[in-house]
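Here the structure comes first, spelled out in structure tokens, and everything after it is commentary.
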Amino acid sequence: MENSEYDIVVIGGGNAALCAAITARRTGAKVLVLEAAPKPYRGGNSRHTRNFRCMHDGPLGVLSDTYDVDEYYEDLLKVTKGQTDEALAKMTIETSAECYPWMEEQGIRFQPSLSGTLSLGRTNAFFLGGGKALVNALYRTAENLGVDIRYEAHVDHLERDGNQIAQVRATIAGMEKVFKPRAVVAASGGFQADIDWLARAWGPAAKNFLIRGTPYNRGVVLKDLLDQEVESVGDPTQCHAVAIDGRAPKYDGGIVTRLDCVPFSVVVNKDAERFYDEGEDVWPKRYAIWGRLVAAEKDQVAYAIIDSRSIDLFMPSVFPPIQAETIEGLGQQLGLNTNALRATIDGFNAGCQEGEFKPIELDGLATSGVTPAKTNWARPIVEPPFYAYELRPGVTFTYLGLKVDETAQVQSADGAIENLWAAGEIMAGSILGQGYLAGFGMTIGTVFGRLAGKGAAEYVR
């Protein structure tokens, strides 16, 4: 029994958890962070991130121009198709403006946006050094403030007693520990690394999914609380899933496995047929739909095909593309019916129209007489050498989670759990009913992490 002096136990070790721990510790509370991963892999999915989406009424740091509440919210509505809690969403958006200077105070540094298809200089602030630098800065600040951190700390059970969490059980270095903090923050992520749970929600197709994030987010805390009738939110079949390189590892490939070539490509399935508009919208708003699209195809695989004119228009891939001098040669390497692939490419090329190609904005350069149409960036695939990437669904995080209110306090049918707050992926389904907006997961984690830390500390006081 570690019936110790800890006022607050924070479960998780990513951005949301650390924001909560730092916020609570600055009030004087005694805080313990329980991180399931070993120290070299600490940080959850946050160590794979690059940026967060931030509202601002004028230039702010590396962010240019303005990005107001209304535009931000409209962007969110487009990707979620209205499946969001308006009050929580707008509160998150409005609060994001104060997160930028707060993050700088914690030692996080920013850089101008990267070039390529994720041109987000007005909407998203990029972390200098990426997610690993973000995570290291937050851990450094937490440690300097006196937050205690345990690694390889697997939380097995939160014992609910009425509308209180009475104790937290964890296994640390092979030994069972029991904590009785006065307040708890759950920031331990979704369940995407539990393939069996994914398969129960999605069916057998989920066995072919790749998990681009941490292998430690297995939903143990989420399931434990849902089994104790804490209120849930979100759909278990909804998730942040993108099309990633099919050669990526099963787990933890991270952001470098994502492919940004789709807007400039023709994407075909195993039958060498196109199945969706590759140029529907600018990539930061639509890239996250492609994981689900590919998941619906045979064997959960697709192929993006480009020519030499497009190879330098997107962020370089971590694995080199497959290359051939002819479409038939490319199809042969991909294991596709070469005649069918040639017919698809020829049909697409015939539907391309004259017009000005503008790679970093919607250019309206669309096909005619082709189904499905490509509504932007439709140029014939004619200039050898030709290149291809295998696409597979890469799941980042799931949207089934804990229901929270505007203070990040966890809810149940009997009312709020008085000493339990949640932040990050474990509650993101409260705002993300479906779809995804680049950088928004980090925004949710930062906003609700700070709210959870504040709420837990006020409760303790």
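Counted the way the working numbering counts, the sequence shown spans residues 31 to 491. We put the CB at the ideal spot given by N, CA and C, even for glycine.
Using three-state DSSP, classify residue i as helix, strand or coil.
| i | result |
| --- | --- |
| residue 262 | strand |
| residue 337 | strand |
| residue 210 | coil |
| residue 460 | helix |
| residue 31 | Residue placement at residue 31 cannot be trusted, given a pLDDT of 46 that sits under 50; the coordinates are not used to answer. |
| residue 489 | helix |
| residue 234 | helix |
| residue 228 | helix |
| residue 400 | coil |
| residue 392 | coil |
| residue 420 | strand |
| residue 247 | coil |
| residue 497 | With the chain covering 31 to 491 only, the question about residue 497 has no answer from this structure. |
| residue 479 | helix |
| residue 474 | helix |
| residue 431 | strand |
| residue 151 | coil |
| residue 386 | coil |
| residue 445 | strand |
| residue 199 | strand |
Any idea if residue i is buried or exposed, counting beta-carbon neighbours within 10 angstroms, 16 or more meaning buried?
| i | result |
| --- | --- |
| residue 53 | buried |
| residue 215 | buried |
| residue 279 | exposed |
| residue 471 | buried |
| residue 356 | exposed |
| residue 326 | exposed |
| residue 230 | exposed |
| residue 491 | exposed |
| residue 170 | exposed |
| residue 398 | exposed |
| residue 363 | exposed |
| residue 401 | exposed |
| residue 404 | buried |
| residue 441 | buried |
| residue 482 | buried |
| residue 308 | buried |
| residue 390 | exposed |
| residue 351 | buried |
| residue 174 | exposed |
| residue 406 | buried |
The alpha helix (DSSP H) that contains residue i, what's its start and end?
| i | result |
| --- | --- |
| residue 126 | 116-135 |
| residue 441 | Not the alpha helix (DSSP H): residue 441 falls in the beta strand (DSSP E), residues 439-442. |
| residue 169 | 160-175 |
| residue 379 | 368-381 |
| residue 254 | 250-257 |
| residue 53 | 45-55 |
| residue 364 | 357-364 |
Taking 8 Å as the limit between beta carbons, can you name the residues of its chain near residue i, skipping five residues before and five after?
| i | result |
| --- | --- |
| residue 114 | 106, 107, 461, 462, 463 |
| residue 339 | 409, 413 |
| residue 383 | 395, 396, 397, 398, 408 |
Short of 7 Å in beta carbon distance, which residues of its chain neighbour residue i, apart from the five on each side in sequence? Order them along the chain.
| i | result |
| --- | --- |
| residue 155 | 81, 82, 84, 91, 92, 93, 130, 140 |
| residue 183 | 64, 65, 66, 200, 202 |
| residue 31 | Note that residue 31 scores 46 on pLDDT, short of 50, meaning its location in the model is unreliable; the coordinates nonetheless yield the value given after this. Only 208 meet the Cβ criterion. |
| residue 35 | 60 |
| residue 436 | 117, 118, 121 |
Could you pull out every residue in the same chain whose Cβ sits closer than 6 Å to the Cβ of residue i, ignoring the five residues on either side in sequence?
| i | result |
| --- | --- |
| residue 86 | 93, 97, 127 |
| residue 305 | 299 |
| residue 283 | 242 |
| residue 457 | 431, 432, 434 |
| residue 195 | 188, 214, 449, 450 |
| residue 224 | 248, 249 |
| residue 385 | 395 |
| residue 297 | 308, 332, 334 |
Just reading off the beta strand (DSSP E) that residue i is part of, what are its end residues?
| i | result |
| --- | --- |
| residue 186 | 183-191 |
| residue 81 | 81-83 |
| residue 38 | 38-41 |
| residue 178 | 178-180 |
| residue 156 | 154-157 |
| residue 270 | 269-275 |
| residue 138 | Taken as a continuous stretch (DSSP letters only), residue 138 belongs to no beta strand (DSSP E), as it is neither H nor E. |
| residue 353 | 352-354 |
| residue 63 | 61-64 |
Any heavy atom of the ligand FAD closer than 7 Å to the CB of residue i?
| i | result |
| --- | --- |
| residue 75 | You won't find the ligand FAD in this model; it holds no ligand whatsoever. |
Start-end ranges of the beta strand (DSSP E) lying completely within the region 278-341, minimum 3 residues | 296-298, 332-337
Uninterrupted alpha helix (DSSP H) stretches inside the region 85-116 (no shorter than 4 residues) = 99-110
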